[in-house]
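Student:
There are 2 protein chains.
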Amino acid sequence: MAADQLSRVFSALADPTRRDLVARLAVRDATVNELAAPYDVTLQAVSKHLKVLEDAGLVSRTRDAQRRPCHLEAEVLDLMTRWIERYRREAEERFTRLDAVLAEMRDENGDGQPKDDRTGAGR
Amino acid sequence: MAADQLSRVFSALADPTRRDLVARLAVRDATVNELAAPYDVTLQAVSKHLKVLEDAGLVSRTRDAQRRPCHLEAEVLDLMTRWIERYRREAEERFTRLDAVLAEMRDENGDGQPKDDRTGAGR
DNA sequence: AGGATATTCAACCGAACGGTTGACAACTGT
DNA sequence: ACAGTTGTCAACCGTTCGGTTGAATATCCT
Chain A
1 MAADQLSRVF SALADPTRRD LVARLAVRDA TVNELAAPYD VTLQAVSKHL KVLEDAGLVS
61 RTRDAQRRPC HLEAEVLDLM TRWIERYRRE AEERFTRLDA VLAEMRDENG DGQPKDDRTG
121 AGR
Chain B
1001 MAADQLSRVF SALADPTRRD LVARLAVRDA TVNELAAPYD VTLQAVSKHL KVLEDAGLVS
1061 RTRDAQRRPC HLEAEVLDLM TRWIERYRRE AEERFTRLDA VLAEMRDENG DGQPKDDRTG
1121 AGR
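Written as structure tokens, this is what we have:
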């Protein structure tokens, strides 16, 4: 639990049950009991899952009598999206550049043959 | 390892070392030795990390003599982005709708008071 | 053929994970 | 005040995880 937030968020969403909880909380806030109902694990297990989501900053909870309604904090998802998109874009650009270089080589001389050609395999 | 791909990808990126590997592979392909150099864990540990990334579909490897150059498969990152954005958007829209409803109530009568008011705590 | 280089496989270890059961705590409503 | 509802805490269990060391495999180079 001493991990950085990004690790906690990725790790939290690595579990299908927790992803499902997030999906359902995206629609509406809900109590632990409501959330636990569809799964065939104990209430305690779901409570734990919610704690993981909460520690990751994905879920916040208020109090309403005995109930602890859970609310999805969507901003944290942005954190992930930013991380992912950064490297996806970087890799994509690099690839586009490679394509450009290869095209250029093809234009200049017939046997454009870089030693590590991945145009076939690498898509 | 029998988990669905989404779980495998999230789980793969939950580790800071593996995220760093991805970040570096976004810049250029690299061999296991090159990738392992900066970290103070054994080569075998890094090899395992790469296997996890490979099983998640994030990394592919070809052979170049003794070397096994690693290449980032950026498309898989899209899978995550799509999942995340779907629910982020859903939650955000819901929130915008709630704001609209509240604004409307404020306009019509002074005591707009839905039973589950979260405007204060929920941001 | 045989040494060097690059990488993986196998067995093991302690910590963390996801689950369980059982007891406890917080608050409600009559 | 007290029974009921809602949720968490604590201890335990088997599995997975990230790491290690040591041996094995694959390929190059001379």
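Going down the list, the protein sequences come from chains A and B.
Residue 1 is where the first sequence starts when you use the numbering used here, and the numbers rise one by one after that.
Residue 1001 is where the second sequence starts when you use the numbering used here, and the numbers rise one by one after that.
For each residue, glycine too, the CB sits at the ideal point set by N, CA and C.
Since this is a predicted model, take the numbers as computed values, not measurements.
When burial is assigned at 16 or more other CB atoms within 10 Å of the CB, is residue 124 of chain A buried or exposed?
Tutor: The first residue shown for chain A is 1 and the last is 123, placing residue 124 of chain A beyond what the model contains.
Student: Kindly indicate which residue of B:1029, B:1097, B:1055 has the alpha-carbon position closest to the one of residue 98 of chain A.
Tutor: For the residues B:1029, B:1097, B:1055, the minimum Cα distance to residue 98 of chain A belongs to B:1029.
Student: Is the beta carbon of residue 52 of chain A closer than 9 Å to that of residue 71 of chain A?
Tutor: No, the pair does not count as a contact, with Cβ atoms beyond the cut-off.
Student: Give the single residue among A:104, A:64, A:50 whose Cα lies nearest to the Cα of residue 13 of chain A.
Tutor: Of the candidates A:104, A:64, A:50, the one whose C-alpha sits nearest the C-alpha of residue 13 of chain A is A:50.
Student: Count the other CB atoms, across all protein chains shown, that sit within 10 Å of the CB of residue 1041 of chain B; report buried if there are 16 or more and exposed otherwise.
Tutor: By the neighbour-count rule (16 or more Cβ atoms within 10 Å), residue 1041 of chain B is not buried but exposed.
Student: Indicate whether at least one CB of chain B lies closer than 9 Å to the CB of residue 32 of chain A.
Tutor: No, residue 32 of chain A does not count as interfacial toward chain B.
Student: Any idea what DSSP makes of residue 1059 of chain B, helix, strand or coil?
Tutor: In this structure, residue 1059 of chain B counts as strand in the three-state DSSP scheme.
Student: Determine the chain A residues that contact residue 1011 of chain B at a beta-carbon separation under 8 Å, and present them in chain order.
Tutor: Within chain A, the residues near residue 1011 of chain B are 10, 11, 14.
Student: Mind checking residue 129 of chain A: buried by the 16 CB within 10 Å criterion, or exposed?
Tutor: No answer is possible for residue 129 of chain A: the residues shown for chain A start at 1 and end at 123.
Student: In chain order, what residues of the same chain lie with their CB nearer than 8 Å to the CB of residue 10 of chain A, ignoring the 5 residues before and after it?
Tutor: Once the five neighbours on either side are set aside, the close Cβ partners of residue 10 of chain A are 80.
Student: Thinking C-alpha only, which one of A:15, A:7, A:61, A:63 is nearest residue 1019 of chain B?
Tutor: Closest by alpha carbon: A:7.
Student: Which residues share a DSSP beta bridge with residue 71 of chain A?
Tutor: Answer by DSSP bridge pairing, in chain order: A:60.
Student: Would you give the residue range spanned by the alpha helix (DSSP H) that residue 1020 of chain B belongs to?
Tutor: Counting along the chain, the alpha helix (DSSP H) containing residue 1020 of chain B begins and ends at 1016 to 1027.
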